[in-house]
Amino acid sequence: MEKLNRRYLRTTILWIVGILAVLLYAALATVETAENYNNLALVRAGDLIGYSLVALLFALLSFVLKGNNNRTINIVAGAIFTVITLIAFIDSFTVNMSGIYNPVLFAAVLVYGVIFWFALKTPKTL
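Here it is as C-alpha cells:
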C-alpha cells in the first residue's frame, strides 16, 4: 500500500514541477528579448492560468484516483501535455535558438514525458 502511495505522490510532484517549468519559461521569455516577447505575446496571461489550472487538476486527480483510473488519466494527460509542450518548445527554439528559457521548456517536455512513461509502466489492476 505504501508503494502505491509513493507512486501517486511521485506523479503528483512531477505534475507540479511541469507547471512550474512552464511558468518559469514564460517569465524568462518575457525578459529575454523583444523579438521573443512579441512571439510570446500571442499567449495571454489567461492562457497560462488555464494551462496551469488544468495541469493542477491532473496533479490532484493523479493523487486522488487509484488503479486503472489513475493510470488512464496520466497516460492521456501526459501524452497531451508532452505534445503541447513539445510544440511550444519547437516554436520557441526556432524563434531564438540561444534563448536562456529554451532549456527550461525542454525540461517541461521531459517531465511530462516521464509522467507518460511512468503511467505506461504502471501495471494494470483489475
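Heads up, the sequence shown is in this note's numbering, so the first residue is 561 and it goes up one at a time.
Where is the CB? At the ideal position from N, CA and C, for every residue including glycine.
It should be emphasised that the depicted structure is a prediction, and the values quoted were computed from it without experimental measurement.
Reduced DSSP category for residue i - H, G, I as helix; E, B as strand; rest coil
i    : result
L625 : coil
T685 : coil
N634 : helix
N565 : helix
G659 : coil
Short Cβ contact (9 Å threshold) for residue i with residue j
i    : j    : result
F641 : R570 : no
S628 : T590 : The amino acid occupying residue 628 in the given sequence is Asn; Ser does not appear at that position. In this structure, T590 does not lie closer than 9 Å to N628 by Cβ.
L583 : Y661 : no
A639 : G578 : no
N634 : I573 : no
A605 : L665 : no
W575 : L625 : no
R567 : T682 : yes
Y672 : T632 : no
A586 : L613 : no
Limits of the unbroken alpha helix (DSSP H) element including residue i
i    : result
K681 : 662 to 681
Cβ-heavy atom distance, residue i to the ligand GTP, below 8 Å
i    : result
G638 : With respect to small molecules bound, the structure shown includes none, and the ligand GTP cannot be examined in it.
Self-check item: At least 3 beta-carbon pairs within less than 8 Å: the stretch 614 to 632 vs the stretch 655 to 669
Solution: no
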